[in-house]
Amino acid sequence: PSNIQEFEYKAEMKQLLNLIVHSLYTHPEIFLRELVSNASDAMSKVRFARLTESGEAVDAEELKISISVDKETRSFVIEDNGVGMTEEELIANLGTVAKSGTLGFLQAMKEQQAGGQLDANLIGQFGVGFYSVFMVTDEVCVETRSEGSDACRWRSTGEGTYTIEKIDRSERGTRISFTLKEDAAEFAEEYRIENIIRKYSNFVDYPIYLDGKKLNSVTALWQKSKSEMKEEEVNEFYKFVSVDFQDPLDYLHISVEGVVSFKALLFLPKEAPMDMLYQQGALENHGPQLYVRKVLIQHECKDLLPEYLRFISGVVDTEDLPLNVSREVVQSSPVMSKIRQILTGKILSWFERLSTEEPEKFRQFYKAFGPVIKIGLNSDFANRDKLIELLRFESTKTEEGQYVTLREYVERMGDEQKEIYYLSGDNRRQLLSQPNLEYFQKKGVEVLLLIDPVDVFVIPSINEYDSKPLKSIEKADIDFASSDDEEKESVSGTMIESLLKVFKETLGERVESVVESHRLVSSPVTLVGGSDAMDSQVEKMLKMMNK
Ligand code: ADP
Ligand code: MG
6 PSNIQEFEYK
16 AEMKQLLNLI
26 VHSLYTHPEI
36 FLRELVSNAS
46 DAMSKVRFAR
56 LTESGEAVDA
66 EELKISISVD
76 KETRSFVIED
86 NGVGMTEEEL
96 IANLGTVAKS
106 GTLGFLQAMK
116 EQQAGGQLDA
126 NLIGQFGVGF
136 YSVFMVTDEV
146 CVETRSEGSD
156 ACRWRSTGEG
166 TYTIEKIDRS
176 ERGTRISFTL
186 KEDAAEFAEE
196 YRIENIIRKY
206 SNFVDYPIYL
216 DGKKLNSVTA
226 LWQKSKSEMK
236 EEEVNEFYKF
246 VSVDFQDPLD
256 YLHISVEGVV
266 SFKALLFLPK
276 EAPMDMLYQQ
286 GALENHGPQL
296 YVRKVLIQHE
306 CKDLLPEYLR
316 FISGVVDTED
326 LPLNVSREVV
336 QSSPVMSKIR
346 QILTGKILSW
356 FERLSTEEPE
366 KFRQFYKAFG
376 PVIKIGLNSD
386 FANRDKLIEL
396 LRFESTKTEE
406 GQYVTLREYV
416 ERMGDEQKEI
426 YYLSGDNRRQ
436 LLSQPNLEYF
446 QKKGVEVLLL
456 IDPVDVFVIP
466 SINEYDSKPL
476 KSIEKADIDF
486 ASSDDEEKES
496 VSGTMIESLL
506 KVFKETLGER
516 VESVVESHRL
526 VSSPVTLVGG
536 SDAMDSQVEK
546 MLKMMNK
């Protein structure tokens with residue numbers, strides 16, 4: 006019929022579909038999680054719009070997700086009565102790469118592919134979930150109607166083009182149907198669907214029915230008391246809110262009553278998502294979910310935590326905001342800044358507690374998120390002191406991979422030592438072979454080894470700890486009182502003078518100065534920065550950036 010219009014996917018989209026279908030086949034089941042989460046999002050939009058526009062709550066019966074399958078024909082249908090889509094929205098949402106997530110996804114996929122290991126989790130992280138359906142089918146049909154517009158049918162085989170036509174459909178919402186590929190026949194089995202829903206979608210806010218049978222629990226776990234929560238349930242909930250396949254490293258349950266009242270269930274992941282640490286602004290749009298009286302208000306609410314802590318996922322539920330709160334109000338609400346302040350304090354105390362009570366967990370946490378703590382140090386000045394206590398360094402007195410705190414360093418340094426020493430570089434072995442260390446090693450003076458690239462931007466800003474200045478041992482003006490150095494006696498003053506003169510004449514402009522050093526033990530000479538010089542690591546990084 007002439008009613009059907011054909012459209013072509015943008016170039017990147019073809020690439021994307023190809024990648025998803027051919028590279029992510031290890032977890033085909035996530036197609037269901039993605040379709041359910043889209044349905045759930047669409048219904049939250051209805052609930053939210055109703056609240057903000059008329060102040061009415063949506064009837065609990067009204068919103069639901071229905072799945073139906075047929076084993077014989079391998080047909081699969083999932084339907085919701087969420088907001089639906091207009092024709093323009095269909096094109097924008099299912100046919101283009103206008104969404105920022107898509108390109109980031111492609112980039113990350115390429116990097117992972119180069120590294121040899123692909124992670125099906127990426128799909129969720131970058132919000133390109135709908136297309137995962139092409140892992141289990143060759144053609145998808147989406148029928149949808151948004152309040153006040155015509156209903157449309159969208160069809161695609163995921164191979165370059167899609168079609169859209171007007172249809173008759175009176176109900177608001179979306180119906181997605183397709184025939185499962187032969188090798189995906191398992192997803193027409195009731196037990197299999199039940200299993201997947203339990204695994205990924207148990208805590209979806211709306212009832213999910215499979216041929217009339219309700220599958221999920223729809224409980225607000227964070228409202229329970231800690232003793233009522235089962236660990237298994239908590240782990241499941243984590244996977245549900247965070248798009249992670251692994252259990253969390255640890256979790257924190259908070260119930261606050263006072264100036265503001267809220268409950269929170271927060272999670273520490275075992276690993277940092279791949280783009281999180283080293284891509285500037287990667288944490289900007291993350292955050293826990295914001296609920297008001299058990300109703301989801303915002304998915305990734307950035308106002309709940311300072312940016313550097315937004316790798317923490319979970320739920321915050323408060324009674325102190327109106328249900329029909331808008332994003333703008335959330336942003337500027339004094340209730341939110343109070344919650345943020347309390348949460349930040351509780352989270353930092355949580356880390357501190359882990360470090361004393363569960364050192365192995367802390368070590369794992371620090372390995373994954375240490376750089377984030379350091380970023381916090383330069384942005385969250387109110388909590389600077391707490392953050393400094395969380396810092397860990399390898400040192401000349403630790404084993405490789407073992408850490409010392411600044412407190413421990415100060416506690417074990419000798420009375421005559423007035424400063425905290427550090428040396429920065431690429432790795433431990435390279436640092437340990439530096440001539441500049443010899444003197445300190447001989448004297449048994451501990452030197453912190455800064456091998457995290459972020460360190461050089463952070464440590465100098467600390468200036469001092471416990472009234473002890475932090476100093477790079479590369480700076481020329483460090484010299485211990487050396488009256489007890491016998492070796493020095495073997496070279497007379499005049500010999501030193503003439504030796505230095507020869508060096509200065511030979512090196513000329515290339516050095517600032519040549520001085521006699523008391524810090525070398527077995528190496529004859531060493532190169533150091535002047536006392537005003539940049540840290541050599543910083544210098545190296547700046548050079549790299551200018552290239
Ligand atoms: P994301 O959900 O991260 O935005 P998806 O690829 O899963 O990415 O979905 C793309 C978009 O398509 C959604 O943002 C939404 O606008 C639209 N969409 C998908 N499924 C539905 C649905 N069931 N109802 C309404 N809109 C939907
Ligand atoms: Mg989605």
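Using UniProt numbering, you'd call the opening residue of the sequence shown number 6 and step up by one each time. Heads up, the beta-carbon is just placed ideally off N, CA and C, and yes, glycines get one too. Every value quoted in this text rests on a predicted model; they were computed, and no experiment measured them.
Which residues DSSP lists as bridging residue i, in chain order
i	result
A193	DSSP output for A193 lists no bridge partner at all.
T323	F267, V297
I70	D85, I213
T168	E11, R160
L273	D255
P474	E469
Y243	BP columns for Y243 are empty, so no partner.
E399	L454
Y427	L453, S477
Q303	L295
S438	None; S438 has no bridge partner.
S206	BP columns for S206 are empty, so no partner.
Own chain partners of residue i with C-beta closer than 8 Å, once the 5 adjacent residues on each side are dropped
i	result
Y256	V239, Y243, L270, L271, F272, L273, G319
A47	D85, G87, V88, G89, G178, T179
V519	L505, F508, K509, L512
D457	G375, P376, K379
R433	E399, E405, L454, I456
A103	Below a pLDDT of 50, predicted positions are generally treated as unreliable, and A103, at 41, falls in that range; the measurement from the model is reported next regardless. Here the set comprises A97.
A193	V74, D75, K76, R79, S80, F81, L185
L95	V147, T149, C157, W159, I169
R345	D308, L309, L310, P311
Residue i - containing beta strand (DSSP E), residue span
i	result
I456	Element bounds for I456: n/a, residue is neither H nor E.
K448	From DSSP, K448 is part of no beta strand (DSSP E) but of the alpha helix (DSSP H) over 443-448.
S182	178-185
Y256	255-261
D460	Careful: D460 lies outside any beta strand (DSSP E), inside the alpha helix (DSSP H) at 460-467.
Y136	Run containing Y136: none; DSSP gives neither H nor E here.
T149	142-150
Residue span of the alpha helix (DSSP H) that contains residue i, given as start and end
i	result
P311	Counting along the chain, P311 falls outside any alpha helix (DSSP H), and DSSP gives it neither H nor E.
A156	Here A156 belongs to no alpha helix (DSSP H); instead the beta strand (DSSP E) covers 156-161.
S230	Neither: S230 is in no alpha helix (DSSP H) and is coded neither H nor E.
I393	389-395
I501	498-512
S59	35-59
G98	In the sequence as displayed, the identity of residue 98 is Asn instead of Gly. 92-99 is the extent of the alpha helix (DSSP H) around N98.
K517	The question names Lys, but residue 517 is Glu in the sequence shown. Segment: none, E517 is in no alpha helix (DSSP H) and carries neither H nor E.
R417	411-417
S342	339-362
Sequence-distant residues of its chain with Cβ nearer than 7 Å to residue i (five each side left out)
i	result
H304	Q294
V330	V297, I302
Same chain, Cβ closer than 6 Å to residue i, neighbours up to 5 away in sequence not counted
i	result
residue 1	No statement about residue 1 is possible, as the shown extent of the chain runs from 6 to 552 and does not include it.
K275	Q251, L254
F367	L359, S360
G163	L22, F139
I259	A269, K351
H291	E305, R315
Handout entry: Cβ pair count under 8 Å reaching 3, the segment 183-191 against the segment 203-217
Key = With a cut-off of 8 Å, the segment 203-217 and the segment 183-191 do not count as touching, because too few Cβ pairs lie within range.
Practice task
Assess, as a yes-or-no matter, whether the segment 67-78 is touched by the segment 158-177 under the definition of 3 or more beta carbon pairs within less than 8 Å.
Solution key: A contact between stretches requires three or more CB pairs, one per stretch, nearer than 8 Å, and the segment 158-177 fails this requirement with the segment 67-78.
Handout entry: the segment 405-420 touching the segment 326-338, judged by at least three CB pairs closer than 8 Å
Key = No, the segment 405-420 is not in contact with the segment 326-338.
Problem - the segment 393-402 / the segment 442-457 touching (three or more Cβ pairs under 8 Å) - result: Touching, per the Cβ criterion.
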